[in-house]
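Residue numbers (the working numbering): 1206 to 1568.
Cβ coordinates follow ideal geometry from the N, Cα and C atoms, glycine included.
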């Protein structure tokens, strides 16, 4: 296995290596080295965390000597073209937090994949399991239990338990988030004068109600705090749509033509589109690393804020303000990592930050 972490001390590398090994122990038996795999549902949309997962998955698959071909997102092409492009290759489905009934596009795409490829191996990379409507679980059960070679990997033990109860006839596994396999370059950290205020980045959702945001005046005595979400962290979420929209319009124009004429150019379009978004995803990562480097400690309710801070060995505090996926993940994998503290609620945030600041000043 290749792809050792590229940053941090030996003990830091040890923690990150352990995360990577745990992923490999689950996926390696399902995806033998060599050959080709199809990677479906990659994130061609403005979600930085999902892009981190995608990059980590690509790094992992390449480390196993696997060639990724094709790489297709949920809106790329029709089923006939999809069948031709995928052939009989094993299928890897993107991991993340969109399994359930909150993100119907991706859930419906996965269901369509299971129907379109009823006999070949399909591996769902680590996902959070979350439904709001129990009736939707009943609807989905048969889809996920009927496929004979489907392997559902969950990214925390709470999701694993819920999925086993919901789909008892399916094959379930558990592994850390694929973003731990990202290639994270060493990035310089701006030095802080000993008498300067501690620089605190509050990396948290902006797409929420004001009452769910933390009042930064509560930690004013600990340092200088700034609130950003991903849009500010990476300096804007630019999605290059024009190329794909032109291709989509052309495909509709040719929809009535012979399929060999109307879709033969799609693989090249899809490859170009994938390359464009991969370049932007790498740019987002570089910008996020640079932004984090301006701050001494981090407070976040973002799962991939937590993951990136862990990879960078940035002292940080997590506080889950949503349905629990951050707490579930922390309890499963990162609670014993000394680089972080978990705040149970907003009232315990100052104590957690005080601890990581004390740790920072000792280092």
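Practice task
Taking only the alpha-carbon atoms, compute the straight-line gap between residue 1315 and residue 1548 and give it to the nearest angstrom.
Solution key: For the purposes of this step, residue 1315 is taken as the residue at position 110 of the chain shown. For the purposes of this step, residue 1548 is taken as the residue at position 343 of the chain shown. Spanning the alpha carbons of residue 1315 and residue 1548 requires a straight line of approximately 35 Å.
Problem - residue 1544 beta carbon less than 8 Å from that of residue 1515 - result: Mapped onto the chain shown, residue 1515 falls at position 310. Mapped onto the chain shown, residue 1544 falls at position 339. In contact: residue 1515 and residue 1544 (Cβ atoms closer than 8 Å).
Problem - Residues bridged to residue 1407 [DSSP beta-bridge criterion] - result: Along the chain shown, read from residue 1 onward, the residue named residue 1407 stands at position 202. Answer by DSSP bridge pairing, in chain order: 1432, 1504.
Exercise for the section: Whole angstroms is fine: what's the gap from residue 1225's alpha carbon to residue 1494's? Expected result: The residue given as residue 1225 occupies position 20 in the chain shown. The residue given as residue 1494 occupies position 289 in the chain shown. Straight-line Cα distance between these residues: approximately 20 Å.
Exercise for the section: Please classify residue 1441: is it buried, with 16 or more other beta-carbons within 10 angstroms of its beta-carbon, or exposed? Expected result: As a position in the chain shown, residue 1441 is number 236, starting the count at 1. With fewer than 16 other Cβ atoms within 10 Å, it is exposed.
Handout entry: Own chain residues within Cβ distance below 7 Å of residue 1264, not counting five before or after
Key = As a first step, residue 1264 is located in the chain shown; it is residue number 59 there, counting from the start. Only 1208, 1386, 1387, 1388 meet the Cβ criterion.
Practice task
Going by CA-CA distance only, name the one from 1346, 1399, 1390 that's closest to residue 1373.
Solution key: If you number the chain shown from 1, residue 1373 lands on position 168. Nearest neighbour of residue 1373 by Cα position, chosen from 1346, 1399, 1390, turns out to be 1346.
Problem - Through-space distance from residue 1409 to residue 1282, alpha-carbon basis - result: Position 77 of the chain shown, counted from the start, is the residue given in the question as residue 1282. Position 204 of the chain shown, counted from the start, is the residue given in the question as residue 1409. Residue 1409 has its alpha-carbon roughly 35 Å from the corresponding atom of residue 1282.
Practice task
Hey, could you find the ends of the beta strand (DSSP E) residue 1350 is sitting in?
Solution key: The residue you call residue 1350 lines up with position 145 of the chain shown. Counting along the chain, residue 1350 sits inside no beta strand (DSSP E); it lies in the alpha helix (DSSP H) bounded by residues 1339 to 1351.
Handout entry: Outcome for residue 1340 when other beta-carbon atoms lying within 10 angstroms are tallied against a minimum of 16
Key = To locate residue 1340, count along the chain shown from 1; it is residue 135. Taking all protein chains in view, the Cβ of residue 1340 is surrounded by fewer than 16 other Cβ atoms within 10 Å, so the residue is classified as exposed.
Exercise for the section: Reducing DSSP to helix, strand and coil, say where residue 1512 ends up. Expected result: Taking the first residue of the chain shown as 1, we reach residue 1512 at position 307. Under the three-state reduction of DSSP output, residue 1512 falls in the helix class.
Problem - residue 1362: first and last residue of the uninterrupted alpha helix (DSSP H) it sits in - result: The residue labelled residue 1362 in the question sits at position 157 within the chain shown. Note, residue 1362: alpha helix (DSSP H), 1362 to 1371.
Problem - Beta-carbon gap between residue 1257 and residue 1438 smaller than 8 Å - result: Taking the first residue of the chain shown as 1, we reach residue 1257 at position 52. Taking the first residue of the chain shown as 1, we reach residue 1438 at position 233. Going by C-beta atoms, residue 1257 is not nearer than 8 Å to residue 1438.
Practice task
Between the Cα of residue 1306 and those of 1378, 1342, 1330, spot the shortest distance and give me the residue it belongs to.
Solution key: Locating residue 1306 in the chain shown gives position 101, where the first residue counts as 1. Nearest to residue 1306 by C-alpha distance, out of 1378, 1342, 1330, is 1342.
Problem - Option nearest residue 1336 by Cα separation, candidates 1356, 1367, 1360 - result: Looking up residue 1336 in the chain shown gives position 131. Per the Cα distances, 1367.
Handout entry: Bridge partners - residue 1522, DSSP secondary structure assignment
Key = As a first step, residue 1522 must be located in the chain shown, where it is residue number 317. Residue 1522 is bridged to 1504, 1546.
Problem - Inter-residue CB distance, residue 1332 and residue 1295 (contact presumed, cutoff 8 Å) - result: Residue 1332 sits at position 127 when you count from the first residue of the chain shown. Residue 1295 sits at position 90 when you count from the first residue of the chain shown. Here residue 1332 is actually not in contact with residue 1295; their C-beta atoms are around 18 Å apart, not less than 8 Å.
Handout entry: Beta-carbon gap between residue 1279 and residue 1246 smaller than 8 Å
Key = The count along the chain shown starts at 1 and reaches residue 1279 at position 74. The count along the chain shown starts at 1 and reaches residue 1246 at position 41. Yes, the Cβ-Cβ distance between residue 1279 and residue 1246 is below 8 Å.
Exercise for the section: Give a yes or no on contact between the stretch 1230 to 1245 and the stretch 1555 to 1568, applying the rule of three or more CB pairs nearer than 8 Å. Expected result: Counting C-beta pairs with one atom in each stretch, the stretch 1230 to 1245 and the stretch 1555 to 1568 have fewer than three that are closer than 8 Å, which means they do not touch.
Handout entry: Beta bridge counterpart(s) of residue 1327 as assigned by DSSP
Key = What you label residue 1327 is simply residue 122 of the chain shown in a count that begins at 1. Answer is 1296, 1355, bridged to residue 1327.
Exercise for the section: Could you give the DSSP three-state label for residue 1379: helix, strand or coil? Expected result: By 1-based counting over the chain shown, the position of residue 1379 is 174. In the three-state DSSP reduction, residue 1379 falls in the strand class (E or B).
Exercise for the section: Reducing DSSP to helix, strand and coil, say where residue 1472 ends up. Expected result: For this step, residue 1472 is matched to residue 267 along the chain shown. Three-state DSSP puts residue 1472 in a helix.
Problem - Whether residue 1329 touches residue 1357 by CB criterion (8 Å) - result: Locating residue 1329 in the chain shown gives position 124, where the first residue counts as 1. Locating residue 1357 in the chain shown gives position 152, where the first residue counts as 1. With respect to the 8 Å criterion, residue 1329 and residue 1357 are classified as neighbours on the basis of their beta carbons.
Handout entry: For residue 1321, three-class secondary structure by DSSP
Key = By one-based count along the chain shown, residue 1321 stands at place 116. Three-state DSSP puts residue 1321 in a helix.
Exercise for the section: Enumerate, from N- to C-terminal direction, the unbroken beta strand (DSSP E) stretches of 3 or more residues contained entirely within the stretch 1231 to 1296. Expected result: Note on the stretch 1231 to 1296: whole beta strand (DSSP E) runs with a minimum of 3 residues are 1241 to 1245, 1272 to 1277, in chain order.
Problem - Sub-8 Å separation of residue 1291 and residue 1275 beta-carbons - result: By 1-based counting over the chain shown, the position of residue 1291 is 86. By 1-based counting over the chain shown, the position of residue 1275 is 70. Less than 8 Å separates the beta-carbon of residue 1291 from that of residue 1275.
Exercise for the section: Can you have a look at residue 1520 and say buried or exposed, based on whether 16 or more other CB atoms are within 10 angstroms of its CB? Expected result: Residue numbering aside, residue 1520 sits at position 315 when the chain shown is read from its first letter. Counting Cβ neighbours within 10 Å, residue 1520 comes out buried, since at least 16 surround it.
Practice task
Along the beta strand (DSSP E) that carries residue 1301, what are the first and last residues, could you check?
Solution key: As a position in the chain shown, residue 1301 is number 96, starting the count at 1. Per DSSP, residue 1301 belongs to the beta strand (DSSP E) from 1301 to 1305.
Exercise for the section: Identify which residue in 1397, 1338, 1327, 1390 has its Cα closest to the Cα of residue 1375. Expected result: Stepping through the chain shown from its first residue, residue 1375 is reached at position 170. Closest option to residue 1375, judged by alpha-carbon separation, among 1397, 1338, 1327, 1390: 1327.
Practice task
Pick helix, strand or coil for residue 1334, following the three-state DSSP scheme.
Solution key: One-based indexing of the chain shown puts residue 1334 at position 129. Residue 1334: strand per DSSP, three-state reduction.
Handout entry: Alpha carbon of residue 1237 to alpha carbon of residue 1227, nearest angstrom
Key = To locate residue 1237, count along the chain shown from 1; it is residue 32. To locate residue 1227, count along the chain shown from 1; it is residue 22. Rounded to whole angstroms, the gap between the alpha carbons of residue 1237 and residue 1227 is 16 Å.
Practice task
Take the Cβ of residue 1422 as the centre, count every other Cβ of all protein chains shown within 10 Å, and call the residue buried at 16 or more, exposed below.
Solution key: Walking along the chain shown from the start, residue 1422 turns up at place 217. Classification for residue 1422: exposed.
Exercise for the section: Starting from the C-beta of residue 1355, find all residues in its chain whose C-beta is less than 7 Å away, skip the five residues before and the five after it, and write them out in chain order. Expected result: Start at 1 with the first residue of the chain shown, and residue 1355 comes out as number 150. Here residue 1355 has 1319, 1327, 1349, 1375, 1376 as same chain residues with Cβ atoms under 7 Å from its own Cβ, once five neighbours each way along the sequence are excluded.
Exercise for the section: From the DSSP output, in three-state form, read off residue 1553 for me. Expected result: On the chain shown, position 348 is the one that residue 1553 refers to. In the structure shown, residue 1553 sits in a helix (DSSP, three-state: H, G or I).
Handout entry: Close beta carbons around residue 1461, own chain, < 6 Å, minus the five adjacent residues each side
Key = Along the chain shown, one-based indexing puts residue 1461 at 256. At residue 1461, the pLDDT of 45 sits below 50, so the modelled position is not reliable and the matter cannot be decided from this model.
Handout entry: Alpha-carbon spacing of residue 1259 relative to residue 1231, whole angstroms
Key = Along the chain shown, read from residue 1 onward, the residue named residue 1259 stands at position 54. Along the chain shown, read from residue 1 onward, the residue named residue 1231 stands at position 26. Going by the C-alpha atoms only, they are around 17 Å apart.
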